[in-house]
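Enquirer: Residues 1 to 168, numbered by UniProt numbering, are exactly what the sequence shown covers, in order.
Pasting in a structure now, in structure tokens, and then I'll have a few things to ask.
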Amino acid sequence: MHMKDRFIAWLRDAHAMEEQALTMLTAQANRIQSYPELKARIERHVLETQEHLRLLQELLDTLPSGGISLVRDLTGRLAATAQGLGGVLTSDEVVRGAMAGYAFEHMEIAAYRVLIAAADELGEVEAKAVFERILQEEIAMADWLEGNLDDTTRLYLLRDERDLQAKR
Numbered sequence: 001m002h003m004k005d006r007f008i009a010w011l012r013d014a015h016a017m018e019e020q021a022l023t024m025l026t027a028q029a030n031r032i033q034s035y036p037e038l039k040a041r042i043e044r045h046v047l048e049t050q051e052h053l054r055l056l057q058e059l060l061d062t063l064p065s066g067g068i069s070l071v072r073d074l075t076g077r078l079a080a081t082a083q084g085l086g087g088v089l090t091s092d093e094v095v096r097g098a099m100a101g102y103a104f105e106h107m108e109i110a111a112y113r114v115l116i117a118a119a120d121e122l123g124e125v126e127a128k129a130v131f132e133r134i135l136q137e138e139i140a141m142a143d144w145l146e147g148n149l150d151d152t153t154r155l156y157l158l159r160d161e162r163d164l165q166a167k168r
């Protein structure tokens, strides 16, 4: 596979990854009621993710064979939907969701670092600038999750303990 073909494939993968992120984040934000700070940050990242999708689609539209891989895109959406629905069954969803979100953000960070290097190698200046912008937002979300994972966990444990005491 030529460099340009590999770049386009990675760009399609990034689009599918953002579709998956949007599905997961939206499902999570819709279920988090008693964690207003976390809910607000996730909702903000939903808006960022929608913009990421728009920017990636614009790049894909300018490239030869740049159309979205429908199979890959659909597979990512189905996996995200299943993951989003799976959380409904667990009482500690907020903690598990924060952990999954943190890990997913780092996968996105790695993907955009790869795309930046590829775009640089190919002289894709506009694409590189888009990827660098998206990368900064993914890093900011990962940093926010990291900085709040401790508090989210402690708040969950206190509420869970309080609920157990109330049932006795």
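Ideal Cβ positions, reconstructed from N, Cα and C, are used throughout, including at glycine.
Identify whether E48 lies in helix, strand or coil by the three-state DSSP scheme.
Expert: Position 48 of the sequence shown, counted from the first residue, corresponds to residue 48. E48: helix per DSSP, three-state reduction.
Enquirer: Roughly how many angstroms separate the alpha carbons of Q83 and M24, rounded to a whole number?
Expert: The residue labelled residue 83 in the question sits at position 83 within the sequence shown. The residue labelled residue 24 in the question sits at position 24 within the sequence shown. Confidence is the limiting factor: at Q83 the pLDDT is only 49, short of 50, which leaves the residue's position unreliable and the question unanswerable from this model.
Enquirer: So, helix, strand or coil for Y35, using DSSP?
Expert: The sequence position of residue 35 within the sequence shown is 35, counting from 1. In the structure shown, Y35 sits in coil (DSSP, three-state: anything other than H, G, I, E or B).
Enquirer: Using a threshold of 9 angstroms, state whether the C-beta atoms of E37 and N148 are closer than that.
Expert: One-based indexing of the sequence shown puts residue 37 at position 37. One-based indexing of the sequence shown puts residue 148 at position 148. Yes, these two residues count as a Cβ contact at 9 angstroms.
Enquirer: Jot down the residue ranges of each uninterrupted beta strand (DSSP E) in the region 106 to 160, minimum 3 residues, whole runs only, in chain order.
Expert: The region 106 to 160 contains no whole beta strand (DSSP E) run of 3 or more residues.
Enquirer: Does the beta-carbon of H2 have 16 or more other beta-carbons within 10 angstroms, so that it is buried, or is it exposed?
Expert: Position 2 of the sequence shown, counted from the first residue, corresponds to residue 2. Answer is exposed; the Cβ neighbour count stays below 16.
Enquirer: Are the region 4 to 12 and the region 108 to 118 touching by the rule of at least three beta carbon pairs closer than 8 angstroms?
Expert: Counting Cβ pairs under 8 angstroms, three or more are found: they touch.
Enquirer: Would you grab the beta carbon distance between A142 and Y102 for me? Rounded to a whole angstrom, and I think it's under 8 angstroms.
Expert: Translated into positions along the sequence shown, residue 142 becomes position 142. Translated into positions along the sequence shown, residue 102 becomes position 102. Correct: roughly 6 angstroms between the Cβ atoms.
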